[in-house]
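Below is one structure; the comments refer to it alone.
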Amino acid sequence: MNENELDRYSRQLLLADFDVEGQLRLKQAKVLIVGLGGLGNIAATYLATSGVGHLLLADDDRIENSNLPRQVLYEESQIGRTKVEAAVGQLRAKNSATEFQTIEQRLSDESLQGVISEVDAVLDCTDNFTTRQAINRACWQLKTPLISAAAIRWEGQLVSFLYDQQDSPCYECLYPALSDQALSCNESGILSPVVGLLGVYQALEAMKVVSQTGVVKHGSLKLFDGFQASWREMQLTQDPACCVCSEKASITVEKS
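If you count the sequence shown from 1, position 108 lands on 156 in my numbering, and the numbers rise without skipping.
Written as structure tokens, this is what we have:
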């Protein structure tokens, strides 16, 4: 680490269980963020400014006026621009040392396999179950840690999956049969700080995973009620009939 890095990250380096080793692991890490809406905006900002060395940012959407209350990386003047283009410009200004790769498309099963095989952790910041299930399948097959969050109305949820563990539940154990029409912020609404709070938690979980510090509970579902300002937590178990992680699952794919 150079002198500028030692100064910039000095408050993180003071943590006895993080120290220089944790910061160096952040610097060497590659993290994929799928979705640059309210969750991805916040998570990407904290990961970039905290010193994650390489961020892959994937989104095929453009900025709309109704995005601005939640997606705080963007400005009014950027309405109509692609989210990945606008986000990477803002993030580079916050930390020029972080390397960025942009993916301006909706990732399919095949393309997800290729991208996820290159990274150390994945943040699912998407807003539809089809994509969430595809991300989960690829992460499970490649044994790549997945940090998934969602928020709607006053509520949010967070769950981390460490797929190198045996008999581990996956995202599809939690939601085996939901469609993209199940819930939508466009129809149900969302309070901006709720989604921001979940994005912060995603960044925290990702930093613990790639720095190999702190406790990350595999399959522990955390539920947030913003109206009551309360949290609940429950431990997921593997669904023996799950089409992804049970004995009926597809053949796994090894990282190259």
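For glycine and all other residues, C-beta sits at the position ideal for the given N, C-alpha and C.
Using only the alpha-carbon positions, how far apart do Val301 and Ala135 sit? Unreliable placement is indicated for Val301, whose pLDDT of 41 sits below 50; no coordinate value is reported for it.
With a threshold of 7 Å on Cβ separation, who are the neighbours of Tyr122 within its own chain once the five nearest residues in sequence on each side are excluded? Ile111, Asn115, Leu116, Ala134
How many whole angstroms separate the CB atoms of Leu139 and Val170, which I take to be in contact at a CB cut-off of 8 Å? That pair is no contact at about 18 Å.
Cβ neighbours of Ser240 in the same chain (closer than 6 Å, five flanking residues each side left out): Pro117, Arg118
Helix, strand or coil: which one does DSSP assign to Leu346? Outside the shown range of the chain, which is 49 to 304, sits residue 346, and nothing can be said about it.
Hey, Ile238 and Cys173: beta-carbon distance below 8 Å or not? no
Excluding the 5 residues flanking Val248 on each side, which residues of the same chain have their C-beta closer than 7 Å to its C-beta? Ile90, Tyr94
Contacts around Leu160, its chain only, beta-carbon distance under 7 Å, and the 5 residues preceding and following it disregarded: Ala182, Ile183, Ala186
Tell me the rounded alpha-carbon separation between Pro288 and Ser294. 5 Å
Could you spell out where the alpha helix (DSSP H) holding Met255 opens and where it closes? 240-259
Helix, strand or coil, according to DSSP, for Gln229 in the structure here? For Gln229, the pLDDT reaches just 49, beneath the cut-off of 50, and the residue's location in the model is therefore unreliable, although a value from the coordinates is still provided. Three-state result, Gln229: coil.
For Arg180, which option in Val120, Ser58, Thr192, Tyr223 has the closest C-alpha, if you only look at C-alpha atoms? Tyr223
Does the stretch 259-279 come within contact of the stretch 147-160, defined as at least 3 CB pairs closer than 8 Å? no
Is Thr285 buried or exposed, if buried means 16 or more other CB atoms sit within 10 Å of its CB? exposed
Report back the beta-carbon spacing between Ser236 and Ile200 to the nearest angstrom; my notes put them in contact at under 8 Å. 5 Å
Keeping to the same chain, check which residues put their C-beta closer than 7 Å to that of Asn143; ignore five residues upstream and five downstream. Ala96, Thr97
Less than 8 Å separating the beta-carbons of Thr192 and Ile164? yes
For Ala197, count neighbouring Cβ atoms within 10 angstroms of its own Cβ and tell me buried if that reaches 16, exposed if not. buried
Limits of the alpha helix (DSSP H) - the one that Arg59 falls within: 58-61
DSSP puts Phe148 in a beta bridge; with which residues? Leu103
Which of helix, strand or coil DSSP assigns to Ser114: helix
Beta-carbon within less than 7 Å of Val167's beta-carbon, same chain only, minus the 5 sequence neighbours each way: which residues are those? Lys78, Val79, Leu80, Leu104, Thr192
So Val264 is in the beta strand (DSSP E); what residue range does that whole segment cover? Val264 -> no beta strand (DSSP E), and no H or E assigned at all.
Tell me whether Leu62 is buried or exposed, calling it buried when 16 or more other Cβ atoms sit within 10 Å of its Cβ. exposed
Mind checking which residues open and close the alpha helix (DSSP H) that includes Val170? That residue, Val170, is in no alpha helix (DSSP H); its beta strand (DSSP E) goes 169-172.
Let me check one thing: in DSSP terms, what residues is Lys270 bridge-paired to? Leu206, Glu281
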